[in-house]
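Have a look at the structure below, then the notes.
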Amino acid sequence: MERRKTAITRLINLLQSCIDKKAHVAGKLLHAHILRNGLFDDTFLCNRLIELYSKCNNTHSAQHLFDKMPHKDIYSWNAILSAQCKSDDLEFAYKLFDEMPERNVVSWNNLISALASTALLDVEHGRRCHGLVIKIGLDKNIYVANALLSLYAKCGWTKHAVRVFEEMSEPNEVTFTAMMSGLAKTDRVVEALEMFRLMIRKAVSIDSVSLSSVLGVCAREGCGVESDVFAQSDNKFSRNVHGQQVHCLTIKLGFEADLHLSNSLLDMYAKNGDMDSAEVIFSNLPERSVVSWNVMIAGYGQKYQNTKAIELLQRMKSCGFEPDEVTSINMLVACVRSGDIKTGREMFDSIPSPSVSSWNAMLSGYSQSENHKEAIKLFREMQFRGVKPDRTTLAIILSSCAAMGILESGKQVHAASLKTASHIDNYVASGLIGIYSKCQRNELAEHVFHRIPELDIVCWNSMIAGLSLNSLDIEAFMFFKQMRQNEMYPTQFSFATVLSSCAKLSSSFQGRQVHAQIEKDGYVNDIFVGSALIEMYCKCGDIYGARRFFDMMHGKNTVTWNEMIHGYAQNGYGDEAVRLYKDMIASGVKPDDITFVAILTACSHSGLVDVGVEIFNSMQLDHGVEPILDHYTCMIDCLGRAGHFDEAEMLIDEMPCKDDPVIWEVLLSSCRLHANVRLAKRAAEELFRLDPKNSAPYSLLANIYSSLGRWDDLSAVRELMSENCIVKDPAYSLG
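With the UniProt record's numbering applied, the sequence shown has no gaps in its numbers, which climb one by one up to 735 at the end.
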């Protein structure tokens with residue numbers, strides 16, 4: 001017995017050493033030794049093994065060991081829960097959590113921390129956990145409260161984070177650090193700095209993480225060298241706190257040797273453009289990391305000092321540091337900002353999997369150096385590699401495309417007009433506004449607009465339409481008001497365009513203002529304007545206002561009826577939509593294909609299956625409208641939502657256009673709703689054939705299998721994705 005205890009103690013110490021060093025192979029050998037010597041029944045040993053596998057990111061082995069354990073205690077459950085949470089398998093973590101025979105603070109902390117991880121950020125589940133935590137009385141526990149606060153802060157839900165903070169009786173340094181980071185993330189920089197002042201006033205212990213966080217705040221808005229936010233505090237450390245004073249505080253508290261904090265100081269000075277101070281700190285660092293070098297290179301790039309950046313990169317390599325992707329991005333930015341495109345491209349090509357920031361930096365370099373052909377070529381390569389462009393990418397490439405001829409005609413007209421006359425005539429100006437607006441160059445459109453000496457209604461309409469087209473709807477409304485103030489009378493087109501913007505803003509208040517102007521100007525019975533008014537009220541959720549106006553209209557046509565039926569469909573009033581459709585038929589107005597899309601959508605969303613089938617069957621027979629893909633899609637959705645899968649499948653088999661992916665996507669979504677595995681499998685297989693690179697059907701099928709606990713089938717879907725090199729869309733979960 002004594003020998004057994006000695007052996008177990010020795011193994012525990014060896015396992016701890018493996019955990020500290022992440023020695024996976026050595027740990028597996030110890031695992032084998034434990035099995036061979038009959039020590040697997042020792043729960044404490046098994047718990048340490050689970051911790052080892054978790055630390056080495058071998059969740060599968062950790063779970064397998066846990067499943068085989070003869071005896072489990074609360075520490076065993078917490079260890080495997082922690083392992084699953086770290087692996088980002090949230091669904092399985094929830095399952096484990098629900099199965100736990102008992103839970104303690106560690107259990108809740110593990111789960112909530114997982115929800116707050118950057119990979120998951122599952123705030124909705126976090127809120128549910130928050131409710132349960134309050135119910136069982138753990139909301140006052142500092143560790144649980146900090147985990148909840150961190151979750152809300154990382155998700156940008158600062159209102160909820162502040163509420164948790166205010167309910168805490170004794171917030172600690174972790175609490176304040178999380179709050180500062182969360183406030184800074186949502187650009188509430190002054191409040192983040194105020195939080196640091198409050199931390200000092202409450203005499204909360206300031207650690208290196210807290211100091212690093214506040215330095216990040218100072219770096220964020222360039223407030224590192226002159227901020228007076230804390231001047232009202234009487235604490236000797238809090239007067240005139242800014243980046244430089246946080247630096248002094250760092251030295252006073254004895255953290256000057258902390259490498260992570262030193263890197264934060266470097267970053268703060270570099271982002272504030274004070275490279276002299278950054279160089280002093282860098283040269284005095286007792287030790288450096290790759291991050292230290294990267295921050296300095298980025299600082300030189302920001303100051304257009306690519307020569308210094310290159311010299312520093314060479315020093316970095318000579319000191320035995322291996323550059324990473326961040327190094328390459330920073331060097332790339334430094335080079336292209338300084339006009340050294342050749343070196344920049346060499347840096348870019350050295351990055352194995354460039355991020356969108358890397359692509360943007362290189363594209364920007366080509367665009368700025370007017371090498372637009374290379375910019376477009378690189379953009380095509382970016383698309384080929386499946387890298388999703390962001391707004392910056394599009395702005396850069398639009399500029400190059402314009403230079404290469406996509407906007408050439410518009411630019412040539414613009415240039416020619418400026419050369420031949422002191423100003424552009426209104427007709428040409430309206431055309432230019434339209435071209436620039438369609439190409440999302442609103443600044444150019446406004447530039448042209450404001451240079452027109454005598455604006456007419458055509459120019460105003462073009463500008464309002466351009467803003468509306470680019471979803472600048474508030475600006476479109478303001479331009480409309482400005483047009484009226486300039487005593488320019490709106491036309492049908494003016495009203496229809498601004499009403500469209502009001503609809504997109506869901507602003508019935510602004511819409512009613514336009515409505516009043518319409519009545520005043522005598523356009524109330526205009527079919528074109530009236531249809532736009534109905535659409536506006538419906539999209540703003542004011543279905544009664546829409547119907548009231550509809551009933552007052554004279555000379556309604558098919559478009560008007562369609563708009564009202566569609567409005568009912570949008571707002572979930574299926575029965576009213578059907579009644580209105582019947583009134584339309586009775587009044588002698590002939591329905592068209594859009595009418596049937598609207599009414600079938602209403603039937604689908606309101607569960608009116610029999611009515612939907614009847615209307616669908618009457619389309620060609622009674623009204624001479626041949627069903628097209630949109631109508632079939634609505635019917636498949638209608639039948640599928642109601643669980644009428646036999647009828648849905650029969651309809652698909654009879655369709656002339658059943659090879660369109662949309663049909664199968666709609667059916668697969670309905671199968672997910674009702675967990676119809678057989679038909680879901682068929683729909684997914686059709687989508688695999690029709691759209692082989694689309695990850696959505698894999699994800700939907702996987703979710704169906706997951707919801708039914710069919711783990712083998714779920715694994716098969718994942719393996720199929722891997723075999724076909726399918727990359728999961730971030731918008732979809734995979735089981």
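In this text, a Cβ means the ideal position worked out from N, Cα and C, and glycines have one as well.
Between the CA atoms of residue j and residue i - distance to the nearest angstrom
i           : j           : result
residue 691 : residue 703 : 19 Å
residue 458 : residue 507 : 25 Å
residue 279 : residue 24  : 40 Å
residue 366 : residue 291 : 28 Å
residue 396 : residue 443 : 14 Å
residue 235 : residue 203 : Since pLDDT at residue 235 reaches only 35, below the 50 mark, its modelled position is unreliable, and the value read off the structure follows with that caveat. C-alpha separation (whole angstroms): 9 Å.
residue 34  : residue 80  : 19 Å
residue 232 : residue 18  : In this prediction, residue 232 has a pLDDT of 39, which is less than 50 and means its spatial position is unreliable; nothing more can be read from the coordinates.
residue 736 : residue 504 : Lying outside 1 to 735, the shown extent of the chain, residue 736 is not represented and no answer is given.
residue 726 : residue 636 : 27 Å
residue 358 : residue 332 : 7 Å
residue 164 : residue 145 : 7 Å
residue 320 : residue 11  : 37 Å
residue 655 : residue 592 : 20 Å
residue 532 : residue 473 : 15 Å
residue 645 : residue 658 : 16 Å
residue 237 : residue 167 : Confidence at residue 237 is low in this model, with a pLDDT of 35, below 50, so its placement is unreliable and the value that follows should be read with caution. Whole-angstrom Cα-Cα distance: 27 Å.
residue 383 : residue 32  : 49 Å
residue 250 : residue 346 : 39 Å
residue 211 : residue 497 : 52 Å
residue 576 : residue 463 : 38 Å
residue 218 : residue 372 : 38 Å
residue 59  : residue 50  : 8 Å
residue 318 : residue 710 : 55 Å
residue 240 : residue 193 : For residue 240, the predicted model reports a pLDDT of 32, less than 50, meaning its position is unreliable; a value from the coordinates is still stated below. For residue 240 and residue 193, the distance between alpha carbons rounds to 11 Å.
residue 717 : residue 701 : 8 Å
residue 265 : residue 377 : 40 Å
residue 554 : residue 521 : 17 Å
residue 310 : residue 388 : 29 Å
Close Cβ partners of residue i (< 6 Å) along its chain, the five nearest in sequence each way excluded
i           : result
residue 75  : 47
residue 44  : none
residue 660 : 629
residue 437 : 445, 466, 469
residue 350 : 328
residue 674 : 643
residue 578 : 611
residue 22  : 55, 56
residue 559 : 531
Integer-rounded CB distance, given that residue j should sit under 8 Å from residue i
i           : j           : result
residue 602 : residue 569 : 4 Å
residue 62  : residue 39  : Not really, about 18 Å apart at Cβ, beyond 8 Å.
residue 528 : residue 492 : 5 Å
residue 206 : residue 199 : 7 Å
residue 216 : residue 184 : 7 Å
residue 334 : residue 360 : Not a contact, Cβ separation roughly 14 Å.
residue 439 : residue 477 : Between residue 477 and residue 439 the Cβ distance is about 23 Å, and since that is not below 8 Å, they are no contact.
residue 41  : residue 71  : 7 Å
residue 557 : residue 595 : Wrong, their Cβ atoms sit about 11 Å apart, outside the cutoff.
Residue i in three-state terms, based on DSSP
i           : result
residue 227 : Residue placement at residue 227 cannot be trusted, given a pLDDT of 41 that sits under 50; the coordinates are not used to answer.
residue 386 : coil
residue 60  : helix
residue 272 : coil
residue 447 : helix
residue 613 : helix
residue 511 : helix
residue 639 : helix
residue 331 : helix
residue 237 : Only weak support is given to the placement of residue 237: the predicted model assigns it a pLDDT of 35, under 50, and the question is left unresolved by the model.
residue 625 : coil
residue 326 : helix
CB contact check: residue i to chain C, cutoff 9 Å
i           : result
residue 360 : In the structure shown, chain C does not exist; there is a single protein chain.
Residues near residue i by beta carbon distance below 7 Å, same chain, minus five either side
i           : result
residue 715 : none
residue 52  : 15, 18, 19, 27
residue 326 : 294
Residue i beta carbon near the ligand MG (any heavy atom closer than 8 Å)
i           : result
residue 718 : Of ligands this structure carries none, so the ligand MG is not represented either.
Spatial neighbours of residue i in its chain, beta-carbon cut-off 8 Å, leaving aside the 5 residues before and after
i           : result
residue 697 : 664, 665, 668, 683, 684, 687, 688, 691
residue 471 : 504
What are the uninterrupted segments assigned as alpha helix (DSSP H) that are 4 or more residues long and contained completely in the segment 514–599, given in chain order?
527–539, 543–552, 558–570, 574–586
Would you list, in sequence order, the uninterrupted alpha helix (DSSP H) runs of no fewer than 4 residues that lie entirely inside the segment 665–726?
677–690, 696–707, 711–723
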